[in-house]
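Asks: Got a structure for you, questions after.
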Amino acid sequence: MRPMKRTGNIYKVGQVNAYIKNLFAMDYALRSIVVKGEVSNCKYHSSGHIYFTLKDETGTLSAVMFAGQRAGLRFRLEEGQKVLVAGSIMVYERDGKYQLYAKEIELDGVGDLYQEFEERKRRLSEMGMFSPEYKRPIPRFARKIGIVTSPTGAAIRDICNIAGRRNPFVQLILYPALVQGEKAAASIVRGITTLDTMGLDCLIVGRGGGSLEDLWAFNEEIVAWAIFECETPVISAVGHETDTTIADFVADLRAPTPSAAAELAVFDVYEFTEQLEQKRLALRRIAQGKLREQQFRLQAERRRLERLQPQYRLNQLRQRLAETERQMGEQMQRQLQDTRNRLAVAAARLSGVSPLTKLEQGYAYVTGEKGENIKSVGQAPVGSRLTIRLSDGEVISQVKERRNNGR
497 MRPMKRTGNI YKVGQVNAYI KNLFAMDYAL RSIVVKGEVS NCKYHSSGHI
547 YFTLKDETGT LSAVMFAGQR AGLRFRLEEG QKVLVAGSIM VYERDGKYQL
597 YAKEIELDGV GDLYQEFEER KRRLSEMGMF SPEYKRPIPR FARKIGIVTS
647 PTGAAIRDIC NIAGRRNPFV QLILYPALVQ GEKAAASIVR GITTLDTMGL
697 DCLIVGRGGG SLEDLWAFNE EIVAWAIFEC ETPVISAVGH ETDTTIADFV
747 ADLRAPTPSA AAELAVFDVY EFTEQLEQKR LALRRIAQGK LREQQFRLQA
797 ERRRLERLQP QYRLNQLRQR LAETERQMGE QMQRQLQDTR NRLAVAAARL
847 SGVSPLTKLE QGYAYVTGEK GENIKSVGQA PVGSRLTIRL SDGEVISQVK
897 ERRNNGR
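So the sequence shown is numbered by the working numbering: it starts at 497 and just counts up by one.
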């Protein structure tokens with residue numbers, strides 16, 4: 497490998513970076529410059545610094561705003577914003593990269609208006625005009641609704657369509673106001689004050705979407721004061737969902753669009769009727785349940801009252817007496833039967849030892865002349881008279897001969 501051909505001094509990297517940094521520092525144009533571009537790669541560091549990139553169709557430029565410079569930033573820097581950044585371009589010596597050190601940032605084109613908007617919002621907020629305690633509830637069953645908007649815009653068509661679909665019985669009263677231009681703010685104020693004297697249930701104040709300049713009439717302070725002092729509850733419906741105006745903060749309720757304002761102001765009579773029917777059925781079921789419960793309770797009380805009546809107690813006593821009488825009769829029958837059974841047993845036993853029974857079985861009862869019972873041959877001498885009793889009579893006999901049983 498051939499040795500490198502040197503034509504001059506050899507410098508360290510740090511020396512080169514320092515030299516370039518000095519060149520940037522001595523360039524008057526780079527020390528105070530305003531750069532226009534689109535924000536990308538925006539990051540808020542925990543230290544308070546903001547790191548971002550400015551880009552356009554030709555290139556990109558790294559930028560940083562230190563925490564100490566953020567006091568003048570009146571909005572939050574976000575991706576895609578078109579901005580004007582004032583500051584200086586210098587080299588970060590350690591990395592050898594140059595970047596824009598921002599001192600001031602404003603939105604391109606609408607920067608002045610946006611700053612005025614933020615300043616007015618801050619001032620009115622400090623006055624308490626946005627405080628929740630001043631917000632009044634929107635009537636749920638509004639019958640008369642005032643609308644301050646353009647008579648030819650899409651907003652009034654959307655409001656009328658939705659109101660007609662939800663509740664055709666609600667009366668809509670339009671004040672045709674200018675919603676854009678120099679005279680728009682005064683026209684909106686006249687509309688609010690005029691409708692406020694008509695005893696309406698609520699007002700819808702708004703228009704369709706547009707740029708910050710198009711919506712500026714709703715950021716005017718006279719409009720804010722007119723809404724704040726209005727006795728009728730006000731729904732603000734300005735622009736699209738992402739649009740925000742001073743009127744939104746002052747109003748009693750903010751709707752993201754005019755269509756949404758109509759849904760918030762006009763109650764759905766058909767849904768309400770269905771809910772009423774469901775509640776009616778529920779109340780009917782509850783009433784029927786209560787009625788059955790009271791009927792059961794009444795029947796129980798009636799039975800209890802019947803038990804407390806003298807006639808009921810008398811019937812109970814009669815029934816108890818009849819039952820006692822029946823039980824006594826049965827007991828007497830059982831005792832009589834037991835007695836009969838015992839008597840039959842005794843009679844059978846007596847019959848077994850009765851002389852008559854013996855006589856009927858073929859035996860005889862022999863007595864002597866004096867009526868004594870002859871039990872032995874020795875008691876009947878020859879010639880004596882004997883009376884022999886049989887089952888059907890007596891036989892009188894005389895002893896002619898005696899014989900012993902072999903003894």
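Glycine included, every Cβ here is placed at the ideal spot set by N, Cα and C.
Could you confirm whether any beta carbon from chain D is found closer than 8 Å to the beta carbon of Ser683?
Replies: This model lacks chain D altogether; it includes just one protein chain.
Asks: Exposed or buried, which one is Ser536 when buried takes at least 16 other CB atoms within 10 Å?
Replies: Position 40 of the sequence shown, counted from the first residue, corresponds to residue 536. Classification of Ser536: exposed, given that the 10 Å Cβ count is below 16.
Asks: Roughly how many whole angstroms lie between the Cα atoms of Leu817 and Leu794?
Replies: As a working note, residue 817 is residue 321 in the sequence shown. As a working note, residue 794 is residue 298 in the sequence shown. Each residue's alpha carbon lies about 31 Å from the other.
Asks: Under the three-state reduction of DSSP, which class applies to Val878: helix, strand or coil?
Replies: Here residue 878 refers to the residue found at position 382 of the sequence shown. In this structure, Val878 counts as coil in the three-state DSSP scheme.
Asks: So, are the CB atoms of Arg618 and Glu717 less than 8 Å apart?
Replies: By one-based count along the sequence shown, residue 618 stands at place 122. By one-based count along the sequence shown, residue 717 stands at place 221. For Arg618 and Glu717, no; Cβs fall outside 8 Å.
Asks: Met561: buried (16+ other C-beta within 10 angstroms of its C-beta) or exposed?
Replies: For this step, residue 561 is matched to residue 65 along the sequence shown. Flag for Met561 reads buried.
Asks: Would you tell me roughly how many angstroms separate the C-alpha atoms of Val841 and Leu832, rounded to the nearest one?
Replies: Residue 841 sits at position 345 when you count from the first residue of the sequence shown. Residue 832 sits at position 336 when you count from the first residue of the sequence shown. Between the C-alpha atoms of Val841 and Leu832 there is a straight-line separation of about 14 Å.
Asks: Taking 8 Å as the threshold (C-beta atoms), are Ala876 and Gly867 in contact?
Replies: Sequence index remark: in the sequence shown, residue 867 carries index 371 (1-based). Sequence index remark: in the sequence shown, residue 876 carries index 380 (1-based). Their beta carbons are not under 8 Å apart, which means Gly867 does not touch Ala876 by this criterion.
Asks: Return the CA-CA distance between Thr645 and Phe626, expressed in angstroms with no decimal places.
Replies: Translated into the one-based positions of the sequence shown, residue 645 becomes position 149. Translated into the one-based positions of the sequence shown, residue 626 becomes position 130. So the two alpha carbons sit approximately 22 Å from each other.
Asks: How big is the Cα-Cα spacing for Ser683 and Val675?
Replies: Numbered from 1 along the sequence shown, position 187 holds the residue referred to as residue 683. Numbered from 1 along the sequence shown, position 179 holds the residue referred to as residue 675. So the two alpha carbons sit approximately 8 Å from each other.
Asks: What are the residues that DSSP puts in a beta bridge with Glu602?
Replies: Indexing the sequence shown from 1 puts residue 602 at position 106. Answer is Leu580, bridged to Glu602.
Asks: Could you check the C-alpha separation between Gly706 and Thr738 for me, to the nearest Å?
Replies: The residue you call residue 706 lines up with position 210 of the sequence shown. The residue you call residue 738 lines up with position 242 of the sequence shown. Their Cα atoms are separated by approximately 11 Å.
Asks: Using the C-alpha atoms, what's the distance from Thr740 back to Ile643?
Replies: Counted from its first residue, the sequence shown places residue 643 at position 147. Counted from its first residue, the sequence shown places residue 740 at position 244. Distance between the alpha carbons of Ile643 and Thr740: 19 Å.
Asks: Closer than 7 Å by C-beta to Asp697: which residues in its own chain qualify, once you throw out the five before and the five after it? Chain order, please.
Replies: The residue given as residue 697 occupies position 201 in the sequence shown. The answer, listed in chain order, is Pro635, Ala638, Arg639, Lys640, Ile641.
Asks: Between Arg570, Gly583, Glu819, Ala559, which has its C-alpha nearest Ala525's C-alpha?
Replies: Within the sequence shown, residue 525 is the residue found at index 29, counting from 1. Nearest of Arg570, Gly583, Glu819, Ala559 to Ala525, Cα basis: Gly583.
Asks: Use the C-beta contact count for Asn869: other C-beta atoms within 10 angstroms, 16 or more gives buried, fewer gives exposed.
Replies: Walking along the sequence shown from the start, residue 869 turns up at place 373. It is exposed - the Cβ of Asn869 has fewer than 16 other Cβ atoms within 10 Å.
Asks: Nearest-angstrom Cα distance between Phe548 and Ile688?
Replies: Counting from one through the sequence shown, the residue named residue 548 turns up at place 52. Counting from one through the sequence shown, the residue named residue 688 turns up at place 192. Roughly 44 Å between the two C-alpha positions.
Asks: Counting only runs of 4+ residues fully inside the region 646–693, write out the alpha helix (DSSP H) ranges in chain order.
Replies: The region 646–693 contains these whole alpha helix (DSSP H) runs: 650–662, 680–692.
Asks: Along the chain, where does the alpha helix (DSSP H) containing Met522 start, and where does it finish?
Replies: For this step, residue 522 is matched to residue 26 along the sequence shown. Met522 -> alpha helix (DSSP H) spans 509–522.
Asks: Can you give me the start and stop residues for the alpha helix (DSSP H) that Leu777 sits inside?
Replies: Sequence index remark: in the sequence shown, residue 777 carries index 281 (1-based). Counting along the chain, the alpha helix (DSSP H) containing Leu777 begins and ends at 765–804.
Asks: When the Cα of Arg559 is compared with those of Phe571, Gly568, Ala567, Glu600, which residue comes out closest?
Replies: Here residue 559 refers to the residue found at position 63 when the sequence shown is read from its first residue. Note on identity: in this sequence residue 559 is Ala, with Arg being the wrong assignment. Ranking Phe571, Gly568, Ala567, Glu600 by Cα distance to Ala559 puts Glu600 first.
Asks: Tell me which residues share the same chain as Gly568 and place their Cβ nearer than 7 Å to its Cβ, disregarding the 5 neighbours each side in the sequence.
Replies: The residue labelled residue 568 in the question sits at position 72 within the sequence shown. Within the same chain, Gly568 has close Cβ partners Glu600.
Asks: Considering just the uninterrupted stretch of the alpha helix (DSSP H) at Asp744, what are its terminal residues?
Replies: Counted from its first residue, the sequence shown places residue 744 at position 248. From DSSP, the alpha helix (DSSP H) with Asp744 extends over 742–746.
Asks: How about Ser707: is its Cβ closer than 7 Å to a heavy atom in the ligand MN?
Replies: The model depicted lacks the ligand MN and carries no ligand whatsoever.
Asks: Out of Lys578, Leu573, Ile546, state which residue places its alpha-carbon closest to the alpha-carbon of Glu553.
Replies: Along the sequence shown, read from residue 1 onward, the residue named residue 553 stands at position 57. Answer by Cα proximity: Lys578.
Asks: May I have the straight-line CA-CA distance separating Asp748 from Leu699, to the nearest angstrom?
Replies: Residue mapping note: residue 748 aligns to position 252 of the sequence shown, counting from 1. Residue mapping note: residue 699 aligns to position 203 of the sequence shown, counting from 1. Rounded to the nearest angstrom, the two C-alpha atoms are 10 Å apart.
Asks: By DSSP, does Ser872 sit in helix, in strand, or in coil?
Replies: Counted from its first residue, the sequence shown places residue 872 at position 376. In the structure shown, Ser872 sits in coil (DSSP, three-state: anything other than H, G, I, E or B).
Asks: Kindly give me the distance between the Cβ atoms of Arg566 and Ile546, rounded to whole angstroms, as I take these residues to be in contact under 8 Å.
Replies: Taking the first residue of the sequence shown as position 1, residue 566 is located at position 70. Taking the first residue of the sequence shown as position 1, residue 546 is located at position 50. Contact flag correct, Cβ pair sits at about 7 Å.
Asks: Given a cut-off of 8 Å, decide if Ala673 and Val719 are closer than it, judged by their beta-carbon atoms.
Replies: To locate residue 719, count along the sequence shown from 1; it is residue 223. To locate residue 673, count along the sequence shown from 1; it is residue 177. Against a cut-off of 8 Å, the Cβ pair of Ala673 and Val719 comes out as no contact.
Asks: Helix or strand or just coil, what does DSSP make of Asp739?
Replies: As a position in the sequence shown, residue 739 is number 243, starting the count at 1. In this structure, Asp739 counts as coil in the three-state DSSP scheme.
Asks: Report the CB separation of Asp654 from Ser755 in whole angstroms; it is logged as a contact under 8 Å.
Replies: If you number the sequence shown from 1, residue 654 lands on position 158. If you number the sequence shown from 1, residue 755 lands on position 259. Contact holds; Cβ gap of about 4 Å.
Asks: My output table needs one value for Asn900: the three-state DSSP class, helix, strand or coil.
Replies: In the sequence shown, residue 900 corresponds to position 404, counting from 1. Looking at Asn900 - three-state DSSP - the assignment turns out to be coil, as it is neither helix nor strand.
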